[in-house]
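Below is one structure, written out as structure tokens; comments come after it.
There are 2 protein chains.
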Amino acid sequence: MPRTPRNTLNSELVVRTALELMEAKGADGFSLRGVAAELGVGPMALYTYFRNKDDLYDAIRDHLMGLMPPPPDDLPWPDQVRSVCRDLRILMLQHPCLAQLLASRPLSGHETARVAEGLLSVLRSAGFEPEIAARTHTTLFTYVLGATTWEIQMAHEKLDPDALRRLRASMESLSSRDFPTVVELAPELSRTTGGDKQFNYGLDLLLDGLAARTAS
Amino acid sequence: MPRTPRNTLNSELVVRTALELMEAKGADGFSLRGVAAELGVGPMALYTYFRNKDDLYDAIRDHLMGLMPPPPDDLPWPDQVRSVCRDLRILMLQHPCLAQLLASRPLSGHETARVAEGLLSVLRSAGFEPEIAARTHTTLFTYVLGATTWEIQMAHEKLDPDALRRLRASMESLSSRDFPTVVELAPELSRTTGGDKQFNYGLDLLLDGLAARTAS
DNA sequence: GTCGCTAACGTACAGTGTATAGTACAACGT
DNA sequence: ACGTTGTACTATACACTGTACGTTAGCGAC
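Protein chains in written order, with UniProt numbering: chain A, 1 to 216; chain B, 1 to 216.
Written out as structure tokens, the structure reads:
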């Protein structure tokens with residue numbers, strides 16, 4: 001039985017392969033055995049580099065966070081904040097699995113800390129007190145997380161004609177007597193889920209609220 | 001072989017049992033076979049009432065949404081909005097699996113539509129144009145989703161002493177040269193994740209932003 | 001050259017969702 | 001009263017999953 005030579009694997013290679021597989025087959029359908037097969041290796045070989053599947057997830061998440069650009073310099077702080085939030089959204093849209101990885105595991109890792117550092121330092125430089133800066137950071141992060149998770153979910157749904165048909169049917173089956181507003185707004189609701197405009201609308205609401213606080 | 005008598009099952013009973021199991025054993029560790037066993041029935045019996053596992057998930061989600069109270073009457077609209085958002089958060093905290101169910105599947109079902117109707121009608125009555133009402137609804141929903149998902153995640157983590165220790169270690173191992181702000185704000189960051197104050201802070205930011213738009 | 005370390009292996013287990021086929025029972029038309 | 005039919009549930013099976021355990025083989029150090 002021809003054994004693969006030693007030291008063909010390393011954690012970075014495993015992470016990259018795992019990420020490829022995750023983007024190709026979706027976050028479901030991803031499996032350790034699949035990664036191992038892709039590497040031409042037995043499933044247990046991965047356990048040399050990761051304690052378990054969650055550990056690999058953490059590594060993938062941190063690897064993806066490494067793709068986040070730093071906040072831009074020489075802009076007013078609201079624009080810097082906007083930029084970071086938009087970059088995170090774009091990254092999540094490019095790598096849909098990131099949404100699930102962010103939502104289902106605590107943050108840890110070097111690259112993740114780097115991203116947090118970027119946003120937090122912008123907020124501190126803008127004059128926010130430590131506690132407010134921390135709260136604001138969490139608020140912005142969770143908004144991006146929720147909004148983009150939802151956007152991905154909806155986009156994923158729109159590609160499945162069967163699901164789309166079911167959704168439309170369930171909307172139309174609603175009595176306009178019981179749910180007049182939902183029926184009235186059905187076109188807007190399905191049109192406005194997702195997209196730059198929807199995301200920026202919520203983000204601007206938050207930033208306007210912030211601006212109001214710094215003015216006082 | 002003693003057969004279980006016919007018509008002992010119905011979809012509501014299955015949903016209730018599934019929900020119990022989900023709250024007892026967590027969203028992971030939940031399985032169709034577990035539900036079936038709890039009901040004293042073969043796994044395939046469930047397929048009489050649900051086309052597959054996702055279908056059951058949808059039913060559980062809608063069942064939980066049925067627990068949402070309607071928006072309160074006779075309050076200024078911002079307070080009505082606040083109330084709905086807080087109620088949704090509380091429901092998610094009481095039933096942590098709801099977060100995952102909301103984030104991973106499109107919205108459908110009677111009770112879910114009822115909740116949407118409640119918030120949308122508040123916004124329309126407040127004078128928002130259809131498109132703005134829809135956008136605002138999505139923004140509020142996704143904020144609650146993200147913020148509460150994160151809160152649950154963090155709370156879940158705080159209960160695991162091993163994970164807590166790892167998190168703390170990873171924070172302290174960060175060089176305060178590379179990540180000065182993260183290190184400086186470490187206490188605030190771990191103190192302010194989650195909790196009523198954190199949630200209300202972000203919610204008030206959004207509502208302040210909204211108020212600014214209605215004034216103009 | 002040989003020893004020890006450890007990377008990768010093989011095997012095994014307990015579990016998953018669900019496709020497919022079969023079975024027994026309630027209701028119904030005659 | 002009696003076959004017929006629809007259907008609620010069962011049995012079996014398949015292709016998977018993550019990972020615990022024990023084993024082997026390749027490599028660097030001596």
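Built from N, CA and C at the ideal position, the CB exists for glycine as well.
Everything numeric in this text was worked out from a predicted model, so none of it was measured.
When CB distances to chain A are screened at a threshold of 7 angstroms, the residues of the segment 185–201 of chain B falling below it are Leu185, Glu188, Leu189, Thr192, Thr193, Gln198, Tyr201, in chain order. Residue state for B/Pro71 is assigned as coil, using DSSP reduced to three classes. Assigned with DSSP and collapsed to three states, A/Phe50 falls in coil, not helix or strand. The DSSP-derived three-state label of B/Thr139 is helix. Taking all protein chains shown into account, A/Thr214 has fewer than 16 neighbouring C-beta atoms within 10 Å of its C-beta and is therefore exposed. With a minimum length of 4 residues, the unbroken runs of alpha helix (DSSP H) contained wholly in the segment 69–132 of chain A fall at 77–94, 97–104, 110–125. Rounded to whole angstroms, the separation of the alpha carbons of A/Glu38 and A/Ser175 is 51 angstroms.
Under the 8 angstroms criterion on CB atoms, B/Trp77 is classed as non-interfacial with respect to chain A. Note on geometry: alpha-carbon atoms of A/Ala113 and B/Thr138 lie some 29 angstroms from one another. Taking 4 residues as the minimum length, the alpha helix (DSSP H) runs contained wholly in the UniProt domain "HTH tetR-type" (8–68) of chain B are 11–25, 32–38, 53–65, in order along the chain. For A/Ser176, no chain B residue has a Cβ inside 8 angstroms of its Cβ, as the nearest lies near 11 angstroms away. Interface flag for A/Val81 against chain B is unset, since no Cβ pair is found closer than 8 angstroms.
Less than 8 angstroms divides the Cβ of B/Thr181 from the Cβ of A/Leu120.
Closer than 9 angstroms at the C-beta level to chain A, one finds these residues of the segment 144–155 of chain B: Val144, Leu145, Gly146, Ala147, Thr148, Thr149, Trp150, Glu151, Gln153, Met154. DSSP places B/Thr192 inside the alpha helix (DSSP H), whose first and last residues are 180–192. Within 10 angstroms of the beta-carbon of B/Glu117 lie 16 or more other beta-carbons, which makes it buried. Between B/Arg105 and B/Arg51, the gap from beta carbon to beta carbon reaches 8 angstroms or more. With contacts defined by Cβ atoms closer than 8 angstroms, B/Thr142 and A/Ala147 form a contacting pair.
Residue contact with chain B for A/Pro70: absent (no Cβ-Cβ distance below 8 angstroms to any residue of chain B). Secondary structure at B/Arg177: coil, using DSSP grouped into helix, strand and coil.
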